[in-house]
Amino acid sequence: MKKIFYTGLLLLGMAACKKDEKASVNQQLSNRITYVIEDNLFNFSSFNAVIERTGYAQKLAGEGPLTVLVPDNNAFIKAGYANTNAVLQERGVILNNIMTYHVLSGTWELNKLPFAFNQELTTAGGAKMYATRWVKGTDTVLTINGTPVISYNLPASNGLIQVMSEVLQPLVNATISDAIAADTSLTFLNVALQQAGMKDLMAQKTVYTFFAPTNAAFRMKGFPSADSVGRTEPAVLQRMLSYSFFPGRRFVYDYILTTDITDKSEQAMYNGNNIVVHLLKTGVKYSGITVQGSGNTAPIAVLKSNVLAGNGVLHVINSVLSENQ
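Written as C-alpha cells, this is what we have:
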C-alpha cells in the first residue's frame, strides 16, 4: 500500500515539474523580442509594420541572442512615415535595408560600453555602425551613428531592445566618393573633385568627414553649371575643397557632446585652417549645428547630416565654406 502511495506522489511530482517546465518555456516564448514590440505598439507600431512587411518576425522570435535598435513612432514620423500605412506602402527593398541595419547579433548592453566616440559595431548582416558613450553635463549620452538612444537595454528572453530617436540610415556607399556621386544635389561637387584630382582621395580607406556643398551652393559661389566647374583650374578647386573636409569621423551629435557652454567650437580642416561650429537649440534641447568658414559672412546650414559611408561621413551644406583671402 505504501509503495502505491509513494509511486502516486512521485508521479504527481513529475507531472508538477513538467507543468512548471512547460510554463517556463511558454513564458520565455511569450517574452521574445517580437512579443515585447507587439506589447508596446503605442510606441513601436511603425517598426512592427517593418517587421511584418519584411517577414523578419521569425528571426526576432528565434533563439538569439539579438539586440534590436527600435526607432519609436516619432522617429518614423521624422523620417517621413506619418503612420503604419505609410510604412506598409514603402518599397520592400528600402524596408528590408532598414530592418537588417537595425539588428545586431549578440547582447549589446550599450550602457556598459567604454566612454569613447564612434566605437565600431557590426550588424547581423555585416554592415558597420558606430556607438558613442559620453558625458554631457550631468547626463550620460549614448548614440548610434550620431543618433541618441532614448531608452536602452529593454529585456527580452532572446535579447535586448534599444530605443532610437531616429531611423538609422543604412550604410549603402562604400566610400565618400560613392556617396557624393550618388547624390544628384552634389553633381557640381563630384565634378570639382574629379577636376581637382581628389576623387581617389575620397575613395581610399582613410576616414574623412566632408561638409559637402550642394549644386545651389556652387552657383552662389559663381559656378553657373557643372561644365564651368570642370573648366576651373585644378589648383583653385583644390584650395577650395581642402577647406571642406578633415580626417576622422564626426557626426553632428559628436559636436554637441564636446562643445562647451559657449555652444561654439572650432574644427581643423584638411588644409590646417579652422572653421567655426555653432550649436543650435530648439527650446532647451540641442537640435543640430551650423558651420562657418573665416570668409563666410553668415553661418551655413546643414541640410542633411550623418550620411554614413564606409570611409567616413557626409554632411550636406547650403553654401561653400570659404576662407579669408
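Numbering (full-length UniProt numbering), first residue to last: 1 to 325.
We treat Cβ as the ideally placed atom computed from N, Cα and C, and that holds for glycine.
*asked:* Tell me the rounded alpha-carbon separation between Asn145 and Tyr130.
replied: For the purposes of this step, residue 145 is taken as the residue at position 145 of the sequence shown. For the purposes of this step, residue 130 is taken as the residue at position 130 of the sequence shown. Whole-angstrom Cα-Cα distance: 5 Å.
*Would you call the CB atoms of Val163 and Ile150 closer than 8 Å?*
As a working mapping, residue 163 is identified with position 163 in the sequence shown. As a working mapping, residue 150 is identified with position 150 in the sequence shown. In contact: Val163 and Ile150 (Cβ atoms closer than 8 Å).
*Would you give the residue range spanned by the alpha helix (DSSP H) that Gly159 belongs to?*
The sequence position of residue 159 within the sequence shown is 159, counting from 1. Run containing Gly159: none in the alpha helix (DSSP H); it sits in the beta strand (DSSP E), Gly159 to Met164.
*Between the stretch 223 to 241 and the stretch 166 to 186, are three or more C-beta pairs nearer than 8 Å?*
no
*Once you ignore the five residues that flank residue 331 on each side, which residues in its own chain have a CB closer than 8 Å to its CB?*
Absent from the model: residue 331. The displayed extent of the chain is 1 to 325, so no value can be given.
*Where does Gln267 sit, in a helix, a strand or coil, going by DSSP?*
Reading the sequence shown from its first residue, position 267 is the one you call residue 267. Residue state, collapsed to three classes: strand.
*asked:* If we require 3 or more residues per run, which beta strand (DSSP E) segments fall completely within the stretch 25 to 88?
replied: 66 to 71
_Inter-residue Cα distance where the pair is Gly125 and Val68_ = For the purposes of this step, residue 125 is taken as residue 125 along the sequence shown, with counting starting at 1. For the purposes of this step, residue 68 is taken as residue 68 along the sequence shown, with counting starting at 1. Rounded to the nearest angstrom, the two C-alpha atoms are 13 Å apart.
*Compute the distance between the beta-carbons of Ile161 and Ile33, then report whether it is under 8 Å.*
As a position in the sequence shown, residue 161 is number 161, starting the count at 1. As a position in the sequence shown, residue 33 is number 33, starting the count at 1. Closer than 8 Å, so yes.
*By the 10 Å Cβ neighbour count, where 16 or more other Cβ atoms means buried, how is Ala182 classified, buried or exposed?*
Looking up residue 182 in the sequence shown gives position 182. So Ala182 ends up on the exposed side.
*Mind checking who Ile289 pairs with in its DSSP beta bridge?*
Along the sequence shown, one-based indexing puts residue 289 at 289. Leu279.
*Which one of Thr107, Gly295, Gln267 and Thr214 has the shortest CA to CA distance from Pro155?*
Residue mapping note: residue 155 aligns to position 155 of the sequence shown, counting from 1. Taking only the C-alpha atoms, the option nearest Pro155 is Thr107.
*State buried or exposed for Ile261, treating a residue as buried only when at least 16 other CB atoms are found within 10 Å of its CB.*
By one-based count along the sequence shown, residue 261 stands at place 261. That one is exposed.
*Which value, in whole angstroms, describes the spacing of the CA atoms of Val313 and Val167?*
As a first step, residue 313 must be located in the sequence shown, where it is residue number 313. As a first step, residue 167 must be located in the sequence shown, where it is residue number 167. Each residue's Cα considered, the two are about 17 Å apart.
*If we ignore side chains and look at the alpha-carbon of each, how far apart do Leu104 and Tyr243 end up?*
Locating residue 104 in the sequence shown gives position 104, counting from the first residue. Locating residue 243 in the sequence shown gives position 243, counting from the first residue. Looking at the two C-alpha atoms, the distance is approximately 37 Å.
*For Arg53, the nearest candidate out of Val36, Ile37, Pro65 and Met99 (CA to CA)*: Position 53 of the sequence shown, counted from the first residue, corresponds to residue 53. Nearest option by C-alpha distance: Met99.
*Report the option in Arg219, Ser322, Thr132 and Ala309 whose CA atom is closest to the CA atom of Val291.*
For the purposes of this step, residue 291 is taken as residue 291 along the sequence shown, with counting starting at 1. Ranking the options by Cα distance to Val291, first place goes to Ser322.
_Cβ contact (3+ pairs, closer than 8 Å) linking the stretch 32 to 47 and the stretch 73 to 93_ = yes
*Do you know offhand how far Asn296's Cα is from Thr147's?*
Here residue 296 corresponds to residue number 296 of the sequence shown, with the count starting at 1. Here residue 147 corresponds to residue number 147 of the sequence shown, with the count starting at 1. Taking the straight line from one Cα to the other gives about 29 Å.
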